[in-house]
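For reference, the structure is listed below as structure tokens.
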Amino acid sequence: MVKPRQAGGRPREQRVDTSIASAVREVIGESGYGGLTVDAVAARAGVSKAAIYRRFSSKQEMTFAVLLHDVDQQSPADTGSLRGDLVALIEQITAHLVSPGAGTLSGLLADVRADPNLHARFDSTFLAVERAIITEVVDRAIERGEVANRPDPTVVHALILGPLFAWLIVLDEGTAGVPALIELVATTAADALTRDLLPAATP
Numbered sequence: 148m149v150k151p152r153q154a155g156g157r158p159r160e161q162r163v164d165t166s167i168a169s170a171v172r173e174v175i176g177e178s179g180y181g182g183l184t185v186d187a188v189a190a191r192a193g194v195s196k197a198a199i200y201r202r203f204s205s206k207q208e209m210t211f212a213v214l215l216h217d218v219d220q221q222s223p224a225d226t227g228s229l230r231g232d233l234v235a236l237i238e239q240i241t242a243h244l245v246s247p248g249a250g251t252l253s254g255l256l257a258d259v260r261a262d263p264n265l266h267a268r269f270d271s272t273f274l275a276v277e278r279a280i281i282t283e284v285v286d287r288a289i290e291r292g293e294v295a296n297r298p299d300p301t302v303v304h305a306l307i308l309g310p311l312f313a314w315l316i317v318l319d320e321g322t323a324g325v326p327a328l329i330e331l332v333a334t335t336a337a338d339a340l341t342r343d344l345l346p347a348a349t350p
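In my numbering, each residue's number is its place in the sequence shown (first place is 1) plus 147.
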């Protein structure tokens with residue numbers, strides 16, 4: 148879902164947000180990520196380029212927000228157990244990886260890695276949101292007595308994201324085996340967390 152990048156001033160029109168999101172999906176569907184440009188999205192959405200840049204700093208940020216998630220991403224509901232919360236979280240992450248397609252996600256991440264400023268921006272916004280959600284899930288487990296110490300959220304992030312990314316993006320195995328993989332990753336991560344096998348969070 149597209150969200151305004153900046154607060155204040157004249158309220159954003161939901162129609163414009165919806166038009167931009169639809170245009171991004173349509174252009175990628177027709178031309179792939181390589182054919183996606185701000186000009187093409189503006190023309191398809193019937194809005195000005197300025198309207199897009201008021202919401203997003205770049206094509207990459209626009210793509211990430213529309214196809215993956217924005218900075219208002221919410222934590223999954225409390226299931227009452229660490230493993231249940233991890234399954235819900237991993238399902239949420241998997242949906243983000245599946246929806247844009249392997250080619251689009253690979254192209255987007257390549258752009259992010261090639262630009263230090265863009266990489267820093269994504270790390271401080273989108274990735275920071277995911278790490279905060281992971282921390283919340285772990286803190287629930289600590290409150291229940293399932294986990295003794297808070298681990299480094301970046302390590303937990305890598306533990307749950309790595310197998311999914313490898314399966315869907317690197318190996319391009321498709322979605323048929325994903326449900327079983329989610330269960331396996333959740334079980335493995337929960338075991339590592341409850342046994343205190345991961346490095347501790349930095350104070």
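Note that the Cβ used here is the ideal one computed from N, Cα and C, for glycine as well.
Neighbour-count burial assignment, residue 254, 16 or more Cβ in a 10 Å radius: Per the 10 Å Cβ criterion, buried.
Contact under 9 angstroms by Cβ, residue 325 with residue 245: Contact: yes.
Nearest-angstrom Cα separation, counted from residue 171 out to residue 239: 21 angstroms
Restricting to Cα atoms, I'd like to know which of 262, 281 and 214 is closest to residue 250. 214
Count the CB pairs spanning the region 342 to 349 and the region 288 to 298 that are closer than 8 angstroms, and state whether there are at least three. yes
Within the chosen definition, does the region 270 to 279 reach the region 327 to 338 through at least 3 CB pairs nearer than 8 angstroms? The region 270 to 279 is not in contact with the region 327 to 338.
Could you pull out every residue in the same chain whose Cβ sits closer than 8 angstroms to the Cβ of residue 347, ignoring the five residues on either side in sequence? 296, 297, 298 and 299
Kindly give me the distance between the Cβ atoms of residue 285 and residue 303, rounded to whole angstroms, as I take these residues to be in contact under 8 angstroms. 7 angstroms
Could you tell me if residue 219 is buried or exposed, where buried requires 16 or more neighbouring beta carbons within 10 angstroms of its beta carbon? exposed
Check this for me: beta carbons of residue 229 and residue 305, under 9 angstroms apart or not? no
Along the chain, where does the alpha helix (DSSP H) containing residue 296 start, and where does it finish? First-last for residue 296: undefined, no H or E at that position.
Which two residues bound the contiguous alpha helix (DSSP H) that contains residue 205? Per DSSP, residue 205 belongs to no alpha helix (DSSP H) and is neither H nor E.
Taking residue 203 as the reference, which of 272, 301 and 312 has the closest Cα? Here the closest residue by C-alpha is 272.
Contact test: residue 249 Cβ vs the ligand COA heavy atom, cutoff 8 angstroms: This structure lacks the ligand COA, and indeed carries no ligand of any kind.
So, does the CB of residue 256 fall closer than 9 angstroms to a CB anywhere in chain C? Note that chain C does not occur in the displayed structure, where there is just one protein chain.
Exposed or buried, residue 331, counting other C-beta atoms within 10 Å across all chains shown (16 or more means buried)? exposed
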